[in-house]
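Below is one structure, written out as structure tokens; comments come after it.
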Amino acid sequence: MMGKFKEKLGEEINIGSISNDELMAALDQIGRDLIYNYFLYGEDVSHEVFIENLKRYLELNKYF
């Protein structure tokens, strides 16, 4: 299953050096944030916003 996610996300994000565990943690966190935004503010999130948030999370995660 993770292979499918990596294949699809790999088209838009350079995830070659990211482990499955790191990617899973990132997807969990970004997904949680999207759900909170939807329930609290009624905001739908586009695919582009999801990808940008994921890129930011992965970039920041490099430093911790």
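Using the UniProt record's numbering, read the sequence shown as starting at 1 and increasing by one per residue. By construction, the Cβ of each residue, glycine as well, lies at the ideal position given by its N, Cα and C atoms.
- Between ILE35 and LEU54 the beta-carbon gap is near 15 Å, outside 8 Å, which marks them as no contact.
- Contact annotation: TYR57 and ALA26 have beta-carbon atoms nearer than 8 Å.
- The beta carbon of PHE50 lies closer than 8 Å to those of ILE30, LEU34 in the same chain, with the five residues before and after it left out.
- Counting every other CB atom within 10 Å of its CB across the protein chains shown gives LEU9 a total of 16 or more, marking it as buried.
- Here LYS6 has ILE15, LEU23 as same chain residues with Cβ atoms under 7 Å from its own Cβ, once five neighbours each way along the sequence are excluded.
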